[in-house]
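Student: Heads up: the sequence shown begins at 152 in our numbering, then just goes up one per residue.
Have a look at this one before I ask anything.
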Amino acid sequence: LFNINGEGNTIIDNAFKNNKATIDGGAIYLSNGNGEEIKNNIFINNSASRHGGAINLNQTGVSIFKNNTFIANTASNMGGAARIIISNSYGKTTISNNKLKDNTAGNGGALHIAGSNVEISANEFDNNRAASGSAGSIHVNGDNVGILNNNITKSYAEKNGGAIVVKAGTSIKIQSNNI
Numbered sequence: 152l153f154n155i156n157g158e159g160n161t162i163i164d165n166a167f168k169n170n171k172a173t174i175d176g177g178a179i180y181l182s183n184g185n186g187e188e189i190k191n192n193i194f195i196n197n198s199a200s201r202h203g204g205a206i207n208l209n210q211t212g213v214s215i216f217k218n219n220t221f222i223a224n225t226a227s228n229m230g231g232a233a234r235i236i237i238s239n240s241y242g243k244t245t246i247s248n249n250k251l252k253d254n255t256a257g258n259g260g261a262l263h264i265a266g267s268n269v270e271i272s273a274n275e276f277d278n279n280r281a282a283s284g285s286a287g288s289i290h291v292n293g294d295n296v297g298i299l300n301n302n303i304t305k306s307y308a309e310k311n312g313g314a315i316v317v318k319a320g321t322s323i324k325i326q327s328n329n330i
């Protein structure tokens, strides 16, 4: 639906339903960004043949994902709801107060994140699946990652980490979650 290139983008108060990408980002593909705010959106039944069933952020910097709802989004490879590739470590990418339900991907049923300085907090993950790989809800490959105060229920992974997989990380903090 959208292919956005650049910095300082805001995506607020939208509904994205039944969109499909033949490669990445079923509803949104955003690249080379910094300072993105993605808030108060609804993503339902979007799909991508490769990565990011609803959203694919590629080579982004600091981003804020807040108060979004992701339901029944799918990606064949990584990130059923979202795949986020962080290209710099200035500031922090924050993913908070989102609802992620019934999302499916090969790896990272709800989220796949590669990069440093990420906080995933106060989200609701329910019934997300890694259909052929690892991390039913959260798959992170990076440093300085906080996974805090989330509710994660009914996650499933065909291989490793039914709920969470963290790879190649230092300064990883997983605290006060209900899993």
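All residues carry an ideal CB built from backbone N, CA and C; glycine is no exception.
Rounding to the nearest angstrom, what Cα-Cα distance links isoleucine 189 and glycine 293 in this structure?
Tutor: Roughly 21 Å separates the two Cα atoms.
Student: Using DSSP bridges, identify the partner residues of glutamine 326.
Tutor: According to DSSP, which records beta bridges pairwise, glutamine 326 is partnered with Leu299.
Student: Determine the DSSP secondary structure at asparagine 185, reduced to helix, strand or coil.
Tutor: Looking at asparagine 185 - three-state DSSP - the assignment turns out to be coil, as it is neither helix nor strand.
Student: Using the rule of at least 16 other Cβ atoms within 10 Å of the residue's Cβ for burial, across every protein chain shown, is asparagine 301 buried or exposed?
Tutor: Buried, since its Cβ has 16 or more Cβ neighbours within 10 Å.
Student: For chain B, check one thing: does any of its Cβ atoms lie closer than 8 Å to the Cβ of lysine 324?
Tutor: Among the chains of the structure shown, chain B does not appear; only one protein chain is present.
Student: Give me the Cα-Cα distance between lysine 243 and valine 316, rounded to the nearest whole angstrom.
Tutor: The alpha-carbon atoms of lysine 243 and valine 316 are separated by roughly 20 Å.
Student: Excluding sequence positions up to five away, which residues of its chain have a Cβ less than 6 Å from the Cβ of asparagine 169?
Tutor: If we look at asparagine 169 and ignore the five residues flanking it on each side, its Cβ neighbours are Asn196.
Student: Work out the CA separation of isoleucine 236 and alanine 265 for me, nearest whole Å.
Tutor: About 5 Å.
Student: Do you know how far the Cα of asparagine 185 is from the Cα of asparagine 160?
Tutor: If you take the alpha carbons of asparagine 160 and asparagine 185, they lie about 8 Å apart.
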